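Structure first, then comments.
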Amino acid sequence: MMTTNLLKLASALIAISSSAHAINSIPTSSGTPSDISAFNSADSEYEGWENLNSTNTDIAGYGGSYPGYAAWPDAVDSNTSGSTGNGAYSKTAGAGYVGNTSIYSSDTGSFSISSSVDSLDDVNTVIFQFDAGLQDDWTNYVATLSYNGGSQSLTADYTALTNGSFTNEFGGETIYSSNILFQWDLSSIGDTISEYVISYDVAAHTQTYALQLDSSEAILAGSVIPEASNFALLAGIAAIAGCVTRRRRIQ
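Here the sequence shown is numbered in numbering that gives the first Met the number 0, starting from 0 and rising by one per residue.
Laid out in structure tokens, this is it:
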């Protein structure tokens, strides 16, 4: 199941195991002990979305049928165990409909994840996980964050790719997927952040299986998602592939 806390590694092993609903605990092989401790101990909110397929009667029919250009009737509220209940997942434009195993985009589609984070005094760190069958180079999937009703469009400070796997709630064939992680450092923003929206586009034929959002008051010194040097170290142990890029914030 998805969890909100970062896993502290033991014996240099990343705990990335198959989940019933696609996204695993936030993988971390690069975070310092102090950053991991800070994230785990700080006030935070967790939101998760799973069973994004037609077996979920709450969303069956969203987007109509192929090619899926119809507007969604409403946002999809977070639905995993432990979710705070402040998160909403929306299609804003383009293709995306609820299929048999995923939210399928026959063509490019635009989506957003929003959170009102009303239990937090401020938000300093945000980690967004997008688990999907990708149809383009993963680095072309770019997410931007805007806060307090603005249009700041901040790109993530760190991004990473890990391997994932998915089976729906009622069993069936295991589907192997890609889990893109985005981490934002918002600690230098002078305003108190009371809500934010993450916007992103998907390429044609992308299949979205699950989503996870972690908001924290923790101020971290660096990235707590896997760095490139650690993938080589753990390849064959945790089956992780990818890299991390430091992105410039758009002012």
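Glycine included, every Cβ here is placed at the ideal spot set by N, Cα and C. Computed from a prediction, not measured in an experiment: that's the story for all the values here.
Check                                                                                                                                                                                     : Outcome
Per the contact definition of three or more C-beta pairs closer than 8 angstroms, is the stretch 196-206 in contact with the stretch 129-145?                                             : yes
Taking C-beta to C-beta, are E49 and T79 nearer than 8 angstroms?                                                                                                                         : yes
Using C-beta distances below 6 angstroms, list every residue in its chain close to I197, excluding the 5 sequence neighbours before and after it, in chain order.                         : I112, F127, A142 and L144
Are the beta-carbon atoms of A155 and A37 separated by less than 8 angstroms?                                                                                                             : no
Near V75, what residues of its chain come up, given a Cβ to Cβ distance below 6 angstroms and the 5 sequence neighbours on each side ignored?                                             : I58 and Y88
Nearest by alpha-carbon distance to S77: which of A70, Q211, A92 and V223 is it?                                                                                                          : Q211
For E226, which three-state DSSP category applies?                                                                                                                                        : Its pLDDT being 45, under 50, E226 is placed unreliably by the model, and the measurement read from it follows with that caveat. Coil.
On the CB-based measure, 16 or more other CB atoms within 10 Å of its CB, does N85 come out buried or exposed?                                                                            : buried
Could you name the residues of the same chain whose beta carbon sits closer than 7 angstroms to that of W71, not counting the 5 residues immediately before and after it, in chain order? : Y61, G62, S89 and K90
How is S109 classed by DSSP in three states: helix, strand or coil?                                                                                                                       : strand
Suppose you measure from the CA of D106 to the CA of Y199; what does that come to, to the nearest Å?                                                                                      : 14 angstroms
Can you check DSSP and say which residues form a bridge with N178?                                                                                                                        : D130 and T161
Along the chain, where does the beta strand (DSSP E) containing A87 start, and where does it finish?                                                                                      : G86 to G93
How far does the beta strand (DSSP E) with I102 in it reach, from first residue to last?                                                                                                  : I102 to S104
Quick check on the burial criterion: 16 or more other C-beta atoms within 10 angstroms. Buried or exposed for Y140?                                                                       : buried
With a cut-off of 8 angstroms on the beta carbons, I'd call I192 and D121 a contact; round off their distance for me.                                                                     : 6 angstroms
In the DSSP assignment, the beta strand (DSSP E) including G200 goes from what residue to what residue?                                                                                   : Looking at the sequence provided, one finds Asp at residue 200 rather than Gly. Counting along the chain, the beta strand (DSSP E) containing D200 begins and ends at Y195 to V201.
Would you tell me roughly how many angstroms separate the C-alpha atoms of I179 and A220, rounded to the nearest one?                                                                     : 21 angstroms
If distances are taken between C-alpha atoms only, which option among L185, T31, D42 and S82 comes closest to L153?                                                                       : L185
In three-state terms, what does DSSP make of T79?                                                                                                                                         : coil
State the Cα-Cα distance for the pair S177 and S115, rounded to the nearest angstrom.                                                                                                     : 27 angstroms
Give the C-beta separation of G98 and S150 to the nearest angstrom, bearing in mind that I take them to be a contact with Cβ-Cβ under 8 angstroms.                                        : Contact doesn't hold; Cβ gap of about 32 angstroms is too wide.
Secondary structure at W137, three-state DSSP: helix, strand or coil?                                                                                                                     : helix
Report the partner residues of D213 according to the DSSP bridge assignment.                                                                                                              : Y45 and I126
Given this structure, state the Cα-to-Cα distance separating G108 from G95, to the nearest angstrom.                                                                                      : 6 angstroms
So S186 is in the alpha helix (DSSP H); what residue range does that whole segment cover?                                                                                                 : Element bounds for S186: n/a, residue is neither H nor E.
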